[in-house]
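With the UniProt record's numbering, letter number 96 in the sequence shown gets 96, and the count goes up by one each step, no holes.
Don't be surprised by glycine CBs; every beta carbon is placed ideally from N, CA and C.
Below: one structure, written as structure tokens.
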Amino acid sequence: MSSAIAFASEKAFSDEFADHGVGELLDAATSSTDEMPCRAGDADLWFAETPAELERAKALCSDCPVRAACLSGALARREPWGVWGGEIFERGAVVARKRPRGRPRKNPAIERPAAVERSAERCAETVGAQRSAAA
């Protein structure tokens, strides 16, 4: 288990976090550890880079018994990133979805008409036949 998800005792937290629901989360966590997907599975999933893995982590959070406490605590602490309480956090705020890496397109992709597709297929067939005949 990764240290990113491991829970410490409430005394290990400074007074700064005392009002952010950490105590309630720890109390709930000790009573239902077996049912918490973030404690049982791969901890890196909750801090993944790809949108698909983050969506998978969100889905695993859906039935978690401490989901509400986890989310409220993460909001209060302004968690910098990861999946907390079934939501994706980025720079301390909840985001609907994580964008994939790379620059987005400036213009939408242009779809080729069916006639162009058929023409490209015929051209490929002709070139393939010519190469076969030459060999």
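- Short Cβ contact (8 Å threshold) for W46 with V95: Here residue 46 corresponds to residue number 46 of the sequence shown, with the count starting at 1. Here residue 95 corresponds to residue number 95 of the sequence shown, with the count starting at 1. Not in contact: W46 and V95 (Cβ atoms no closer than 8 Å).
- Since G82 is in the alpha helix (DSSP H), which residue starts that stretch and which ends it? Translated into the one-based positions of the sequence shown, residue 82 becomes position 82. That residue, G82, is in no alpha helix (DSSP H); its beta strand (DSSP E) goes 81-84.
- Message: By alpha-carbon positions, which one of K58, S72, A109 ends up nearest to K98?
- Response: Residue numbering aside, residue 98 sits at position 98 when the sequence shown is read from its first letter. Per the Cα distances, K58.
- Is P65 closer than 8 Å to E35 when the C-beta atoms are compared? Mapped onto the sequence shown, residue 35 falls at position 35. Mapped onto the sequence shown, residue 65 falls at position 65. The answer is yes: Cβ separation under 8 Å.
- Query: Taking C-beta to C-beta, are R67 and G85 nearer than 8 Å?
  - Reply: Along the sequence shown, read from residue 1 onward, the residue named residue 67 stands at position 67. Along the sequence shown, read from residue 1 onward, the residue named residue 85 stands at position 85. Closer than 8 Å, so yes.
- Query: Can you pull the DSSP bridge partners for V95?
  - Reply: The sequence position of residue 95 within the sequence shown is 95, counting from 1. I88, per the DSSP bridge assignment.
- With a 10 Å radius around its C-beta and 16 neighbouring C-beta atoms as the bar for buried, classify G73 as buried or exposed. Mapped onto the sequence shown, residue 73 falls at position 73. Classification for G73: buried.
- Message: Checking 8 Å against the spacing of the C-beta atoms, do R37 and L54 come in under that value?
- Response: Translated into the one-based positions of the sequence shown, residue 37 becomes position 37. Translated into the one-based positions of the sequence shown, residue 54 becomes position 54. The sequence shown places Pro at residue 37, not Arg. No.
- Query: According to the neighbour-count rule (16 or more other Cβ atoms, all chains shown, within 10 Å of its Cβ), is E49 buried or exposed?
  - Reply: Numbered from its first residue, the sequence shown carries residue 49 at position 49. Looking at its Cβ environment, which holds fewer than 16 other Cβ atoms inside 10 Å, E49 is exposed.
- Per-residue DSSP class, three states only, for D42: Taking the first residue of the sequence shown as 1, we reach residue 42 at position 42. Reduced to three states, the DSSP call for D42 is coil.
- Message: Within the continuous alpha helix (DSSP H) that includes R105, where are the two ends?
- Response: Position 105 of the sequence shown, counted from the start, is the residue given in the question as residue 105. Premise fails: R105 is in no alpha helix (DSSP H) and is neither H nor E.
- Message: My output table needs one value for E53: the three-state DSSP class, helix, strand or coil.
- Response: Taking the sequence shown and counting its residues from 1, the one referred to as residue 53 is at position 53. Correct three-state label for E53: helix.
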